[in-house]
Amino acid sequence: MLFKLEDKKLSEYQKVKKVTLADIGWKEKNLEELISKNIQDFISLDTLMVIFNERIYQEEPDILALDKFGTLYIFELKRWTGKQENLLQVLRYGQIFGKSTYEELNELYKKYLKNDKSDLSEDHKKYFQLIDFDKDNFNSKQKFLIVTNGVDQETIESIIYWKNLGINIDAIIYWVFEINNEYYIEFNMYSQIENFLQYENNCYILNTNLSTDSKYTNEMLLEEKAAAYYPGWREKIKKFQKGDVIFLYKNGEGIIAYGKADGKLNKCACDGHDDYEYNMKLYDFKKLSSPLSAAEIKVAINSGINFRQTLTSISEESYKKIIKAINEKI
175 MLFKLEDKKL SEYQKVKKVT LADIGWKEKN LEELISKNIQ DFISLDTLMV IFNERIYQEE
235 PDILALDKFG TLYIFELKRW TGKQENLLQV LRYGQIFGKS TYEELNELYK KYLKNDKSDL
295 SEDHKKYFQL IDFDKDNFNS KQKFLIVTNG VDQETIESII YWKNLGINID AIIYWVFEIN
355 NEYYIEFNMY SQIENFLQYE NNCYILNTNL STDSKYTNEM LLEEKAAAYY PGWREKIKKF
415 QKGDVIFLYK NGEGIIAYGK ADGKLNKCAC DGHDDYEYNM KLYDFKKLSS PLSAAEIKVA
475 INSGINFRQT LTSISEESYK KIIKAINEKI
């Protein structure tokens with residue numbers, strides 16, 4: 175995260191606006207070209223030599239690159255938040271290109287340079303200033319890299335899972351900031367992905383399902399959790415990441431409590447059905463002595479909300495206004 179420090183009020187700050195590449199009209203191809211042409215500036219890895227970029231309508235990785243040892247780096251780039259599907263895609267490319275011989279890599283390299291006379295082996299030696307290099311070392315190992323605008327909890331858990339199985343996979347996280355109508359991009363390479371805590375936190379209002387059964391609301395308050403029940407609704411809980419703010423909304427009363435998601439999805443039996451309840455524990459949990467009614471919420475955020483739907487996403491600005499309204503009632 176990026177914060178602006180106030181010159182005159184030394185103890186205060188402002189959060190710099192975060193945007194996506196899609197917001198500023200960029201396509202994934204633009205990101206691909208930016209990284210492939212400036213890979214050493216943006217990504218703090220061993221020196222890499224780009225040998226291939228994705229071609230349109232082909233099942234190919236966004237970028238292929240080599241290090242001086244011949245390890246093949248397979249990149250999958252996304253202009254939005256990382257999802258599990260991106261992992262499966264880059265691993266699929268590993269199945270295809272992880273078997274590539276030197277001759278096949280050389281053909282890809284020629285297509286990348288649009289020069290049939292190019293020689294990958296010779297150019298590799300020149301690039302890394304090597305006296306000699308055995309062609310058999312090309313693609314003897316692979317490393318998978320997902321480059322994405324933020325990352326969700328499921329993706330982190332999946333990366334840890336694959337790493338524990340011996341797969342050499344990591345995420346390169348980037349953020350785009352808007353400052354005075356100008357845009358800035360920051361890259362962050364995390365090999366210790368399990369320690370990565372800088373999620374893009376979100377805020378939600380969760381209906382406690384009072385109209386169906388009051389016990390659900392009571393359980394959420396007693397167990398300090400956010401929960402949803404039955405297929406079609408329970409899956410909403412999977413959206414939550416660690417640190418997301420969840421307001422619990424009770425029909426007829428308003429917001430009755432709030433807390434921050436711990437990021438760990440739990441599945442429980444409900445009404446005699448296995449795994450019909452999905453829930454997530456909330457830390458920094460606060461119960462309100464006086465609920466913030468629907469009318470008060472609408473006044474606070476100057477906007478209407480459909481409180482009867484299971485889950486509603488709200489902006490950080492709306493979150494701050496709701497917290498202010500809650501504090502003013504205390």
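According to the working numbering, the sequence shown is numbered sequentially starting from 175. Every residue, glycine too, gets a C-beta built ideally from N, C-alpha and C.
In three-state terms, what does DSSP make of residue i?
i      : result
Val190 : coil
Phe307 : coil
Ser487 : strand
Leu462 : strand
Gln263 : helix
Gly571 : For the chain, the structure presents residues 175 to 504; residue 571 sits outside this window and is missing.
Lys300 : helix
Gln372 : Since pLDDT at Gln372 reaches only 46, below the 50 mark, its modelled position is unreliable, and the value read off the structure follows with that caveat. In the structure shown, Gln372 sits in coil (DSSP, three-state: anything other than H, G, I, E or B).
Glu360 : strand
Glu128 : The question about residue 128 has no answer, for the chain in this structure spans 175 to 504.
Lys455 : strand
Lys498 : helix
Ser365 : With a pLDDT of only 47 at Ser365, under 50, the local geometry of the prediction cannot be trusted, and the value read off the model is given with reservation. Coil, per DSSP.
Asn227 : strand
Leu246 : strand
Asp449 : strand
Asn338 : helix
Phe216 : helix
Ala345 : strand
Lys291 : coil
Leu279 : helix
Phe318 : strand
Phe271 : helix
Ile504 : coil
Could you pull out every residue in the same chain whose Cβ sits closer than 6 Å to the Cβ of residue i, ignoring the five residues on either side in sequence?
i      : result
Lys503 : Ser464
Gly272 : Gln316
Asn131 : This structure cannot speak to residue 131, because the chain is shown only from 175 to 504.
Lys284 : Asp290, Ser292
Ile209 : Phe216
Phe421 : Ile379, Ile429, Tyr432
Between the options, which has its C-alpha nearest residue i's C-alpha?
i      : options                        : result
Ile430 : Ile496, Asp197, Lys410         : Ile496
Asn425 : Met454, Asn381, Tyr404         : Asn381
Thr484 : Lys494, Tyr357, Ile411         : Ile411
Glu470 : Lys498, Ile420, Phe216         : Lys498
Ala443 : Val321, Phe459, Arg408, Tyr457 : Arg408
Phe302 : Lys211, Asp448, Gly244, Glu234 : Gly244
Gly340 : Ile359, Phe318, Phe361, Asn323 : Phe318
Asp445 : Leu261, Tyr390, Asp436, Ile475 : Tyr390
Tyr378 : Asn354, Glu490, Tyr286         : Glu490
Glu296 : Lys288, Phe307, Gln415         : Phe307
Lys337 : Leu261, Asn440, Gln415, Ile209 : Leu261
Phe414 : Asn440, Gly406, His298         : Asn440
Lys472 : Ser492, Phe459, Lys300         : Ser492
Can you give me the Cβ contacts of residue i inside the same chain, cut-off strictly under 8 Å, excluding the 5 residues immediately before and after it?
i      : result
Lys461 : Leu395, Ile430, Ala431
Leu222 : Ile213, Gln214, Ala239, Leu240, Asp241, Tyr247
Asn342 : Lys315, Gln316, Lys317, Phe318
Should residue i and residue j be called a contact, given that it needs their Cβ atoms to be closer than 9 Å?
i      : j      : result
Lys438 : Gly417 : no
Ile500 : Ile488 : no
Leu265 : Glu202 : no
Glu427 : Ser467 : yes
Ile305 : Ile320 : no
Tyr457 : Asp436 : yes
Val193 : Glu360 : no
Asn376 : Val419 : yes
For residue i, which residues of its own chain have a beta-carbon under 7 Å away from its beta-carbon, when the five flanking residues on both sides are left out?
i      : result
Glu397 : none
Gly268 : Ile248, Gln316, Phe318
Under 8 Å: do the segment 221-241 and the segment 191-198 share three or more Cβ pairs, one atom per stretch? no
Between the segment 447-455 and the segment 399-407, do at least 3 Cβ pairs fall closer than 8 Å? yes
Assess contact between the segment 303-316 and the segment 268-284, defined as three or more Cβ pairs (one per stretch) separated by less than 8 Å. Is contact present? With a cut-off of 8 Å, the segment 268-284 and the segment 303-316 count as touching, because enough Cβ pairs lie within range.
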